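Okay, structure first, notes after.
2 protein chains.
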Amino acid sequence: MTGTTANVVRLPERVEVLNIGLPMFAEAVRAQGGQVLHVDWRPPADGDRELVRALEVLHADPAVDRANAEVVRRLDVGVPSLVTVAPAAEVVPRLPERTLLHCGPAIGWDRVCDPLRRSMRAATVAEGWAADVGEADRLLARGDVALQPANEHDTVVPMASAIGPSSPMLVVENPGDGGAPRRAFAPLNQGPGETAWFGRDTEAAVERLRLLRDVCGPAVAAILDRAGPLDVLALAAQGVAMGDDLHMRTQAATNLVTRTWLPHIAVLPDELRAPFARYLGGNHLFYLTLAMAAAKALTLWAAEVPGSTIVTSMARNGTTFGIRTSGTDTWYVTDAPPVGDALYYAGYGPDDAAPDIGDSAVLELVGLGGPAAGNSPSVAAFLGGSMADAAAATEGFRRICAGTSSRFQLPAMGFSGSPIGVDLRLVVETGITPKVTTGILHGHSGEGQVGAGVATAPQACFAEALRALAAGRRRDR
Amino acid sequence: MTGTTANVVRLPERVEVLNIGLPMFAEAVRAQGGQVLHVDWRPPADGDRELVRALEVLHADPAVDRANAEVVRRLDVGVPSLVTVAPAAEVVPRLPERTLLHCGPAIGWDRVCDPLRRSMRAATVAEGWAADVGEADRLLARGDVALQPANEHDTVVPMASAIGPSSPMLVVENPGDGGAPRRAFAPLNQGPGETAWFGRDTEAAVERLRLLRDVCGPAVAAILDRAGPLDVLALAAQGVAMGDDLHMRTQAATNLVTRTWLPHIAVLPDELRAPFARYLGGNHLFYLTLAMAAAKALTLWAAEVPGSTIVTSMARNGTTFGIRTSGTDTWYVTDAPPVGDALYYAGYGPDDAAPDIGDSAVLELVGLGGPAAGNSPSVAAFLGGSMADAAAATEGFRRICAGTSSRFQLPAMGFSGSPIGVDLRLVVETGITPKVTTGILHGHSGEGQVGAGVATAPQACFAEALRALAAGRRRDR
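For the record, the sequence lines run as chains A and B.
So that you can map any letter, position 66 of the first sequence is 66 in the UniProt record's numbering, and since no number is skipped, the others follow by simple counting.
So that you can map any letter, position 403 of the second sequence is 403 in the UniProt record's numbering, and since no number is skipped, the others follow by simple counting.
Here it is as structure tokens:
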């Protein structure tokens with residue numbers, strides 16, 4: 001084209017904007033019809049100087065990356081097998097007499113939340129230490145029954161669980177790279193309805209604990225004697241492909257193990273067979289504690305690696321929320337968060353809800369629960385309804401995780417692996433904490449489950465753990 | 001901008017092309033770096049003038065649209081329940097003595113394909129009409145055992161099935177809008193392995209037929225007596241949400257019914273319980289014939305509507321492929337197609353494969369199989385591997401279907417309903433025929449299943465049916 005042009009200053013007719021940080025600027029350009037690419041960015045650690053320095057220390061150290069890679073490898077390649085079921089007193093290590101193991105960090109009776117108190121009372125009665133829940137309450141209040149965190153005994157328990165020495169425990173073994181296998185434990189799932197793990201202390205809830213002890217535990221032990229060990233996470237991976245997140249939804253994996261065990265259930269002794277079949281056939285949550293025990297067996301092995309920034313314990317007791325990182329015994333504890341993004345049963349709402357509770361958040365550390373939400377239509381219902389909402393939960397974990405599962409593949413996300421290995425550094429840097437899919441218990445009435453939703457882990461304990469790790473590194477040098 | 005320009009003819013620097021029809025023009029533009037939007041279009045009915053006139057007749061007639069809407073409604077809202085299991089002789093209507101019911105359109109022994117012949121021999125031995133398969137072959141060859149298409153007896157049978165009067169049949173009832181329920185039938189699934197429906201005539205295959213008759217049929221009948229009727233498609237819909245297409249993959253629905261029936265299995269009499277549990281626990285295909293019987297109960301009700309262009313029968317016998325539309329008794333039959341998009345077991349290939357076989361294509365008429373592929377990671381493996389490939393199969397059905405299921409929702413496709421009601425007019429107009437997800441049998445060795453894949457229904461019978469329908473409409477006026 002030919003032509004001449006005078007020295008005229010021309011304003012651009014077309015504006016393209018790259019906006020970083022606060023979204024309000026992007027919105028203003030968009031409102032005026034301009035093209036804008038918004039980058040969701042915040043200053044690392046919200047600009048907290050001490051945390052930024054801690055991040056610098058931990059990022060600069062190649063030993064941390066090496067340790068993290070090993071932790072991620074262990075979380076990914078461990079093969080935990082369910083080998084038997086036995087009373088806690090016979091298998092759980094370091095278990096003192098007349099002790100209940102409870103969910104979450106250590107806590108004294110005076111601070112125990114209402115649903116967990118009820119569960120403790122029900123367990124105290126089921127153990128025969130008290131004739132009724134009134135007597136149980138008095139025993140517990142005066143310290144005649146000891147309380148210890150299940151996590152300190154290689155054990156994880158869901159929701160408001162408190163378990164006594166007669167509780168039948170799933171025994172899961174992870175051979176690791178050889179040597180003695182890492183053994184982890186979880187109770188048989190109590191099932192839906194009027195049950196102690198939902199914070200109920202009725203006669204039916206106590207009766208369910210006796211059924212587990214007298215029928216369900218011996219039944220699963222007999223099945224495993226015949227069927228042999230169960231590769232817990234192989235079946236879980238099939239369940240994930242069928243839409244389970246294995247935390248809020250465990251239907252597919254429960255049905256897979258039901259089918260797998262069916263020929264062995266059919267030849268159980270008469271006194272076990274029918275009641276166990278009623279229990280299992282009516283319990284779509286059965287696989288939850290299998291997955292939890294397997295996750296604990298992975299994290300136990302991973303936690304042996306020193307000097308990593310990967311979280312290997314995450315647990316709540318309805319009062320406090322705590323984490324540990326690999327290679328340390330120190331818990332970093334803060335207040336338990338509320339459960340948000342919640343759907344409540346009719347007639348209930350946020351005012352009725354107890355705070356986030358249970359050891360099941362161990363699942364979120366190994367690629368299940370929130371990290372697997374992206375393929376779960378059922379979980380999507382709690383996250384906005386669309387599969388894109390569910391995918392966003394998985395993507396959130398990708399931003400704070402150091403690795404990807406080769407075991408749990410998500411068809412709806414291009415068959416990509418779910419994220420594994422929550423890295424303290426990434427959590428503090430991005431301000432994104434793990435989102436945990438979970439049930440909601442009534443906070444004071446003893447009515448049990450009143451809904452389900454998503455709990456966002458509190459930032460404070462991650463920051464505290466990061467500071468402590470960085471201080472430790474500085475001392476080492 | 002200012003400037004002057006001489007009268008120069010300028011070639012455009014930027015070309016945007018909209019290409020309709022043959023893709024080669026679009027490719028040529030693209031090869032030269034041009035922008036092109038390609039619209040995949042073909043002349044209706046490939047430009048066949050007689051077919052175009054037939055389409056005009058059937059499109060112009062509002063009675064056809066009304067009939068089609070009613071057919072789609074019936075396919076969508078019918079609620080078929082499994083009510084009992086009983087020997088074919090006791091429940092299947094119009095069943096003459098010494099007769100085998102076989103898959104697909106009517107066929108004489110001389111044209112029966114090898115796998116179906118083997119299945120017929122196995123059934124003849126299992127019925128006690130012959131001492132061994134050699135004698136069975138002679139009886140069949142001289143017409144001493146009659147052959148009738150299962151579809152003519154409100155029955156559908158999968159793959160190379162041939163069933164005798166002692167076969168235990170699933171009895172499914174669809175109450176429709178009231179009056180006598182529509183009853184449809186399908187055999188209990190024989191399971192994977194050395195079985196007659198896969199075209200095997202070994203002693204093990206015969207023994208499996210006896211096990212079904214003596215153990216599995218009575219067991220399911222006893223379970224239903226206690227458990228009550230089973231809403232077959234409610235469970236199927238849950239299975240679809242968990243990645244079943246209910247044709248090639250039936251794992252989730254099978255596990256759901258296993259779990260549902262577990263308490264009743266546990267109290268079966270000793271002589272039934274253990275062998276039935278082994279059969280069911282080892283049979284991920286169990287739900288296939290339940291879904292087929294339910295689909296048949298829907299299409300029987302739909303087929304009562306006169307003057308529709310919706311396909312209500314689609315069946316193959318390994319030699320011929322046939323369809324019927326609602327309101328008529330006439331089959332339109334052509335050669336059975338090969339199974340394409342196939343994955344073969346190691347050591348097998350297309351030369352070993354029998355053509356497409358079985359009545360299971362009834363599933364594709366009610367929103368299962370191909371129409372539900374878009375949410376099935378397992379089926380995706382046969383269609384290219386990605387969920388987008390699977391979605392394309394569902395989209396293909398959308399282009400030839402008159403409606404959408406409100407029952408079968410596909411989470412991976414935005415929770416949209418699967419397409420239902422294959423409309424002859426749309427098939428002929430677009431040239432797209434139903435794609436049927438199916439197993440592949442060995443064509444002559446008697447080795448049974450050698451792979452699985454997708455069969456594309458042949459165009460010819462759809463065109464023939466359309467011509468006949470249009471001719472009928474012209475005569476009516």
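Beta carbons are placed, not taken as given, at the ideal position from N, Cα and C, and that holds for glycine.
Predicted model only: the values in this text are computed from it and were never measured.
Three-state class that DSSP yields for residue i in the structure shown
i, result
"Thr99 (chain A)", "strand"
"Ile32 (chain B)", "Here the sequence assigns Gln to residue 32 (chain B), which means Ile is not the residue at that position. In this structure, Gln32 (chain B) counts as coil in the three-state DSSP scheme."
"Ile323 (chain B)", "strand"
"Gly3 (chain A)", "Here Gly3 (chain A) scores only 44 on pLDDT, less than 50, and its place in the model should not be relied on; the value that follows carries that caveat. If DSSP states are grouped into helix, strand and coil, Gly3 (chain A) belongs with coil."
"Leu58 (chain A)", "helix"
"Val92 (chain B)", "coil"
"Asn375 (chain A)", "helix"
"Thr155 (chain B)", "strand"
"Val333 (chain B)", "strand"
"Leu147 (chain B)", "strand"
"Phe185 (chain A)", "strand"
"Pro68 (chain B)", "It is worth fixing the name first, because residue 68 (chain B) is Asn in this sequence and not Pro. In this structure, Asn68 (chain B) counts as helix in the three-state DSSP scheme."
"Val267 (chain B)", "coil"
"Ile20 (chain B)", "strand"
"Tyr287 (chain B)", "helix"
Candidates the options: closest to residue i by CA position
i, options, result
"Asn189 (chain B)", "B:Ala293, B:Gly384, B:Gly451 and B:Glu364", "B:Ala293"
"Arg399 (chain B)", "B:Val427, B:Ala388 and B:Ala381", "B:Val427"
"residue 519 (chain A)", "A:Met248, A:Leu139 and A:Met169", "No information on residue 519 (chain A) is available, as it lies outside the stretch 1 to 477 that chain A covers here."
"Cys103 (chain B)", "B:Arg53, B:Pro275 and B:Ala196", "B:Ala196"
"residue 478 (chain B)", "B:Leu51, B:Gly370, B:Ala353 and B:Gly108", "Any question about residue 478 (chain B) goes unanswered here, given that chain B covers just 1 to 477."
"Thr438 (chain A)", "A:Val72, A:Leu246 and A:Pro105", "A:Leu246"
"Pro187 (chain B)", "B:Gly282, B:Thr289 and B:Ala63", "B:Thr289"
"Pro192 (chain B)", "B:Tyr287, B:Val72, B:Pro93 and B:Thr328", "B:Tyr287"
"Leu233 (chain B)", "B:Thr250, B:Asp225 and B:Ala221", "B:Thr250"
"Asn151 (chain A)", "A:Gly446, A:His442 and A:Ala297", "A:Ala297"
"Val112 (chain B)", "B:Gln148, B:Glu16, B:Leu256 and B:Arg182", "B:Gln148"
"residue 483 (chain B)", "B:Ala237, B:Thr260, B:Gln238 and B:Val240", "This structure cannot speak to residue 483 (chain B), because chain B is shown only from 1 to 477."
"Ala89 (chain A)", "A:Leu235, A:Gly431 and A:Phe185", "A:Phe185"
"Glu429 (chain B)", "B:Pro44, B:Val267 and B:Thr124", "B:Pro44"
"Glu271 (chain B)", "B:Leu211, B:Val125 and B:Leu37", "B:Leu211"
"Val422 (chain B)", "B:Asp144, B:Ala465 and B:Ala253", "B:Ala465"
"Leu51 (chain B)", "B:Arg425, B:Gln449 and B:Arg475", "B:Arg425"
Beta-carbon contacts of residue i that lie in its chain and below 8 Å, excluding the five residues immediately before and after
i, result
"Pro87 (chain B)", "Pro165, Ser166, Ser167, Pro168, Met169, Arg213 and Gly217"
"Ala342 (chain A)", "Pro350, Ala353, Phe382, Ile440, Gly451, Ala452, Gly453 and Val454"
"Met1 (chain B)", "Its pLDDT being 41, under 50, Met1 (chain B) is placed unreliably by the model, and nothing is read from it."
Nonlocal neighbours in the same chain, by C-beta distance under 7 Å from residue i, ignoring five residues either side
i, result
"Met413 (chain A)", "Gly374, Asn375, Ala391 and Thr394"
"Arg473 (chain A)", "Val57, Leu58 and Asp61"
"Thr84 (chain A)", "Val171, Ala221 and Leu224"
Other residues of its chain near residue i: CB distance less than 6 Å, five sequence neighbours each side excluded
i, result
"Ala295 (chain A)", "Val362, Leu363 and Val366"
"Gly3 (chain B)", "Any reading at Gly3 (chain B) needs caution, since the residue's pLDDT is 44, under 50, leaving its predicted position unreliable; the model's value is listed next. Same-chain partners within the cutoff: there are none."
"Ala122 (chain A)", "Ala196, Asp201, Ala205 and Val206"
"Glu70 (chain B)", "Val305"
For residue i: DSSP bridge partner residues
i, result
"Ser416 (chain B)", "B:Leu410"
"residue 485 (chain A)", "This structure does not reach residue 485 (chain A), given that chain A is present from 1 up to 477, and the question cannot be answered."
"Cys401 (chain B)", "B:Val422"
"Ser81 (chain B)", "B:Glu173 and B:Asp231"
"Gln238 (chain B)", "DSSP output for Gln238 (chain B) lists no bridge partner at all."
"Gly358 (chain A)", "A:Arg316"
Members of the region 247-261 of chain B that neighbour chain A once the beta carbon cut-off is set at 9 Å: Of all residues in the region 247-261 of chain B, only Gln251, Ala252, Thr254, Asn255, Leu256, Thr258, Arg259, Thr260 and Trp261 come within less than 9 Å of chain A when Cβ atoms are compared, listed by chain position.
Residues, ordered as in the chain, of the region 400-431 of chain A that lie near chain B by beta-carbon distance below 8 Å: So the close ones are Pro411, Ala412, Gly414 and Phe415.
The region 279-298 of chain B: positions lying closer than 7 Å to chain A by Cβ: So the list reads Leu280 and Gly281, given in the order they occur along the chain.
Within 9 Å of chain B by C-beta, residues of the region 310-342 of chain A in sequence order: Within the region 310-342 of chain A, not one residue has a Cβ closer than 9 Å to any Cβ of chain B.
Members of the region 229-249 of chain B near chain A, C-beta cut-off 8 Å: When C-beta distances to chain A are compared with 8 Å, the residues of the region 229-249 of chain B below that value are Ala241, Met242 and Gly243, in chain order.
Contact set between the region 264-277 of chain B and chain A, restricted to residues whose Cβ is under 7 Å from the partner: So the close ones are Ile265, Ala266, Val267, Arg273, Ala274 and Ala277.
Near-chain A residues of the region 360-377 of chain B (beta-carbon distance less than 8 Å), N- to C-terminal order: For the region 360-377 of chain B, which is checked against every Cβ of chain A, the residues closer than 8 Å are Pro377.
Selection of the region 87-120 of chain A by Cβ proximity to chain B, strictly under 9 Å: Answer in chain order: no residues at all.
Residues in the region 157-176 of chain A having any Cβ partner in chain B nearer than 9 Å: Within the region 157-176 of chain A, no residue has a Cβ that lies closer than 9 Å to any Cβ of chain B.
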